[in-house]
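Quick note on numbering: full-length UniProt numbering labels position 40 of the sequence shown as 40, and the sequence is numbered without any gaps. Using N, Cα and C, we set each Cβ at its ideal position, and we do this for glycine too. As structure tokens, the structure follows; a few thoughts come after it.
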Amino acid sequence: MSLAPNSRVVIVGGTSGIGLAVATAAAATGADVVIGSRSAQSVERALAQLPGNTKGHTVDVTSPESLTSFFARAGEFDHLVYTAGDDLVRMPISDYTPDQAQRFFDIRLFRALDSVRAALPTLRTTGSITLTSGAAAFRGGAGMLLGATVSGAMISAGRSLAAELSPVRVNVVAPGVVRTALWAGMPEQEQEALFATAGTHTLLGRIAELDDVAKTYLHLMDQNSTTGTVVLVDSGSVLK
């Protein structure tokens, strides 16, 4: 899979997990890639793993000024990818608090919208925006209150933005369980149990790998006739 010649891709949250996998895949096609993260150390570590056609800058998505500066440094570009998010959490309703919900929604949804708004002056109208949701939007479960809710909200936001920002294409990727550092908030033993169990609850008998998810983002960047849609990358978990 390849992107159009001289494409430029900006990835907010591109220093680890899905974002880094997308950066790696996009750079491999020859695209110019710009990654952003709030941690300078994370940016430097990611750049050490990526080819020379990749640049990186720090960006604080909670600061409008930082976002404006980040996109100004990136210059005109073709594709925006937003994958930023704090550690995933699972909790029952009995442990829920409004403050926890606010923090969870803040980076994953509200700051994604801030990033889209800040990107518009330099995003080419022939380009695309790809946001990140989750398979939990289609099939909740015990402990998935926050994950399912924010994932559903992101899908609705993506569809609304697609209608508003046309001809810029806006799509959403909804991964299932994927082995990334976002699960670091859970003890390692619980992580491994989760991955093993999740694999048995898919039609394919395994969870999706990072490369599988990254290819989906690239496909949506390249597919000029797709907008306002959500693509599940969950090995069929919502059907089992």
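Between the CA atoms of Ser42 and Ala48 - distance to the nearest angstrom: Roughly 10 Å separates the two Cα atoms.
8 Å Cβ cutoff met for Ala40 and Thr58: yes
Nearest-angstrom beta carbon gap, Ile11 and Val33 [assumed within contact, 8 Å]: About 7 Å separates the two Cβ atoms, so the contact holds.
Reference Ala27, options Val231, Asn6, Arg159, Glu44, closest by Cα: Asn6
Among Leu80, Thr132, Met91, Gly85, the one whose alpha carbon lies nearest that of Arg8: The shortest Cα separation from Arg8 among Leu80, Thr132, Met91, Gly85 belongs to Leu80.
Three-state secondary structure (DSSP) of Arg45: Arg45: helix per DSSP, three-state reduction.
Beta strand (DSSP E) segment containing Pro175, residue limits: 169–175
Where the alpha helix (DSSP H) containing Val213 begins and where it ends: 210–222
Short Cβ contact (8 Å threshold) for Val173 with Thr202: no
Inside the segment 8–33 only - alpha helix (DSSP H) runs reaching at least 4 residues: 17–28
Best match in Ser94, Ala23, Leu232, Ser63 for proximity to Ile155 [C-alpha to C-alpha]: Taking only the C-alpha atoms, the option nearest Ile155 is Leu232.
Validate contact between the segment 143–163 and the segment 94–112 using beta carbons, cut 8 Å, 3 pairs: yes
For Leu232, the residue or residues it bridges with in DSSP: Ala174
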